[in-house]
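K.L.:
Just so you know, the protein sequences line up as chains A and B, in that order.
Take 1 as the starting number for the first sequence in the UniProt record's numbering and just add one per residue.
Take 1 as the starting number for the second sequence in the UniProt record's numbering and just add one per residue.
Glycine residues also receive a C-beta, built at the ideal position from the N, C-alpha and C atoms.
Note that the structure is a prediction, hence the values are computed from the model and not measured.
Number of protein chains: 2
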Amino acid sequence: MGTAVRNLRSLILAGEYYRQAVSEAIGLGTTETQALSYLAVHGESGQSLLARDLGLTSSASTSLVDRLERQGVAERVRHPHDRRRLIVRLTDRGRAVVEESYAWLASTLEQVEPDELEHVSAILAFLADDLKTRTAGRQASGWRGLTHALPV
Amino acid sequence: MGTAVRNLRSLILAGEYYRQAVSEAIGLGTTETQALSYLAVHGESGQSLLARDLGLTSSASTSLVDRLERQGVAERVRHPHDRRRLIVRLTDRGRAVVEESYAWLASTLEQVEPDELEHVSAILAFLADDLKTRTAGRQASGWRGLTHALPV
DNA sequence: TATTGTTATACTCTATAACTATA
DNA sequence: TATAGTTATAGAGTATAACAATA
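1. Tell whether a beta-carbon distance below 8 Å holds between V41 (chain A) and L13 (chain B).
2. Check whether the Cβ atoms of V73 (chain A) and G94 (chain A) sit closer than 8 Å, and answer yes or no.
3. What residues in its chain sit with their C-beta under 6 Å from that of L39 (chain A), if we drop five residues either side in the sequence?
4. Can you give me the C-alpha to C-alpha distance between S58 (chain B) and V77 (chain A), rounded to a whole angstrom?
5. Below 9 Å between beta carbons is the criterion; list the residues of the region 2 to 21 of chain A that meet it against any residue of chain B, in chain order.
6. Name, please, each residue of chain A whose Cβ falls closer than 8 Å to the Cβ of V88 (chain B).
7. Taking only runs that begin and end inside the region 11 to 82 of chain A, name each unbroken beta strand (DSSP E) of 3 or more residues, in chain order.
8. Determine the contact status of V5 (chain B) and Y17 (chain A), defining contact as a CB-CB distance below 8 Å.
9. Leaving out the 5 sequence neighbours to the left and right, which residues in its chain are closer than 8 Å to G29 (chain A) when beta-carbon positions are compared?
10. With 8 Å as the threshold, decide whether the Cβ of A51 (chain A) is near any Cβ in chain B.
11. Between E116 (chain A) and D82 (chain B), what straight-line distance do the alpha-carbon atoms span, to the nearest angstrom?
12. What is the rounded straight-line gap between the Cα of D130 (chain A) and the Cα of F126 (chain B)?
13. Hey, would you say V120 (chain A) sits closer than 8 Å to I26 (chain B), going by beta carbons?
14. Under a CB-based cut-off of 8 Å, is L64 (chain B) close to chain A?
15. Note down, in chain order, every chain B residue with its Cβ under 7 Å from the Cβ of D130 (chain A).
16. Quick check on this structure: which residue in A:G15, A:E32 and A:T133 has the alpha carbon closest to the alpha carbon of residue 157 (chain B)?
17. Please classify V152 (chain B) as buried or exposed, where buried requires at least 16 other C-beta atoms within 10 Å of its C-beta.
18. Thinking V98 (chain A) and L36 (chain A) are a contact (beta carbons under 8 Å), I'd like their distance in whole angstroms, please.
19. Mind listing the chain B neighbours of A125 (chain A)? Cutoff is C-beta to C-beta under 7 Å, in chain order.
20. Excluding the 5 residues preceding and the 5 following H79 (chain A) in the sequence, name in chain order all residues of the same chain whose CB lies nearer than 7 Å to its CB.
21. Would a check of beta-carbon distances place T135 (chain A) closer than 8 Å to chain B?
22. On the CB-based measure, 16 or more other CB atoms within 10 Å of its CB, does R19 (chain B) come out buried or exposed?
23. According to DSSP, simplified to helix, strand and coil, what is R6 (chain B)?
24. What does DSSP give as the partner residues of V98 (chain A) in its beta bridges?
Take a look at the structure:
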């Protein structure tokens, strides 16, 4: 188990490293490309949900979506039934930007044996879902359990 | 391939979400816990190498390691043969902090079928290494290829 | 009353550039 | 000359708190 945890740590670090590099290549901030990735995976999203899943306050999400609109990669759309809500949606340009980062990740996945790809894909989906759910659960319950936690 | 890329994006996003949550739980910044993760995976490291692998400038790494030392989770050690160099090393307290975040990741990996764990672990290691290498290569060569790249 | 989103303010982190010390 | 690290400065992004509009 120790080795598996270390390898998961490595992949998380590699993902963070990729995030910085692809953001620089595209000319956006890391939070902006996180938002584009999120919208690419989940489709359009409420601005509040986007903020929550990106670990941002609603205040930070306001300026985030401001930047996305300014750069023309996403847009705010009014919610059909609730006039408080805003939907955030990729623009054509936003979809184009995401398309181009596709090759970056695909070239890594192309190294996997073709007849294993589907299995690897399922593993990635499972780990992503479980890690996200588990993290959200600890967040919500205020769980800590880190006895060496440092003073904030 | 499209689904696999989307699932890899999901896992990267889940890792970033985990990073923020575990940082808040520990009471450190996200870059600080990235550094702890890095040191846990790679062992002690030169300050320059740490900066490079975390995507930071040498200036940012100075203040990063300042913070790590101030919080007592890592320390600077002189390089034995090169008086310019500094080695960054986890302290006992730093190792304790990493140990505690271990359970967080392990509980996700425990959901994997036991007789499949080794295979999953190998996949994670492969993807981490390939993604990191590929990203570093594009960084080094100034490669772009993102024709919709936005003005900086 | 609770929820969604915005604004004003202050703070943290990082990049840039100029610098010191050592190889 | 090149490399490792530090310092000073400025800029970007975020959290906090107070607020307006709508449910």
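P.N.:
In short:
1. Along the first sequence, one-based indexing puts residue 41 (chain A) at 41. Along the second sequence, one-based indexing puts residue 13 (chain B) at 13. Yes; because the gap between Cβ atoms is below 8 Å, this pair is in contact.
2. Numbered from 1 along the first sequence, position 73 holds the residue referred to as residue 73 (chain A). Numbered from 1 along the first sequence, position 94 holds the residue referred to as residue 94 (chain A). Yes.
3. The count along the first sequence starts at 1 and reaches residue 39 (chain A) at position 39. So the qualifying residues of the chain are L90.
4. Residue numbering aside, residue 58 (chain B) sits at position 58 when the second sequence is read from its first letter. Residue numbering aside, residue 77 (chain A) sits at position 77 when the first sequence is read from its first letter. If you take the alpha carbons of S58 (chain B) and V77 (chain A), they lie about 42 Å apart.
5. G2, T3, A4, V5, R6, N7, L8, R9, S10, L11, I12, L13, A14, G15, E16, Y17, Y18, R19, Q20 and A21
6. For this step, residue 88 (chain B) is matched to residue 88 along the second sequence. Within 8 Å Cβ-Cβ: nothing; V88 (chain B) doesn't reach chain A, min ~15 Å.
7. 74 to 78
8. Here residue 5 (chain B) is taken as the residue at index 5 of the second sequence, counted from 1. Here residue 17 (chain A) is taken as the residue at index 17 of the first sequence, counted from 1. The answer is no: Cβ separation not under 8 Å.
9. Here residue 29 (chain A) is taken as the residue at index 29 of the first sequence, counted from 1. Excluding positions up to five away in sequence, the list reads S23 and R67.
10. The residue given as residue 51 (chain A) occupies position 51 in the first sequence. It does not; no Cβ of chain B falls within 8 Å.
11. By one-based count along the first sequence, residue 116 (chain A) stands at place 116. By one-based count along the second sequence, residue 82 (chain B) stands at place 82. Approximately 47 Å, taken between the alpha carbons.
12. In the first sequence, the residue the question calls residue 130 (chain A) occupies position 130. In the second sequence, the residue the question calls residue 126 (chain B) occupies position 126. When rounded, the distance between both Cα atoms is 21 Å.
13. Within the first sequence, numbered from 1, the residue matching residue 120 (chain A) stands at position 120. Within the second sequence, numbered from 1, the residue matching residue 26 (chain B) stands at position 26. No, these two residues do not count as a Cβ contact at 8 Å.
14. As a working mapping, residue 64 (chain B) is identified with position 64 in the second sequence. Chain A, which has no Cβ nearer than 8 Å to the Cβ of L64 (chain B), makes this no.
15. Residue numbering aside, residue 130 (chain A) sits at position 130 when the first sequence is read from its first letter. Those are T108 and Q111, listed as they occur along chain B.
16. In the structure as shown, chain B starts at 1 and stops at 152, and residue 157 (chain B) therefore has no counterpart that could be examined.
17. Start at 1 with the first residue of the second sequence, and residue 152 (chain B) comes out as number 152. Residue confidence is low: V152 (chain B) scores 39 on pLDDT, short of 50, so the model does not pin down where it sits. Its coordinate-derived value is still stated next. Under this definition V152 (chain B) is an exposed residue.
18. In the first sequence, residue 98 (chain A) corresponds to position 98, counting from 1. In the first sequence, residue 36 (chain A) corresponds to position 36, counting from 1. Rounded, the Cβ-Cβ distance is 5 Å, consistent with contact.
19. Along the first sequence, read from residue 1 onward, the residue named residue 125 (chain A) stands at position 125. Going along chain B in sequence order, the residues near A125 (chain A) (Cβ under 7 Å) are N7 and S10.
20. Start at 1 with the first residue of the first sequence, and residue 79 (chain A) comes out as number 79. Counting only Cβ-Cβ distances below 7 Å, and skipping sequence neighbours, we find R85, L86 and I87.
21. Against the first sequence, residue 135 (chain A) aligns to sequence position 135. So yes, T135 (chain A) belongs to the interface.
22. Taking the second sequence and counting its residues from 1, the one referred to as residue 19 (chain B) is at position 19. It counts as buried.
23. Counted from its first residue, the second sequence places residue 6 (chain B) at position 6. Three-state result, R6 (chain B): helix.
24. Position 98 of the first sequence, counted from the start, is the residue given in the question as residue 98 (chain A). Answer is none; V98 (chain A) lacks a bridge partner.
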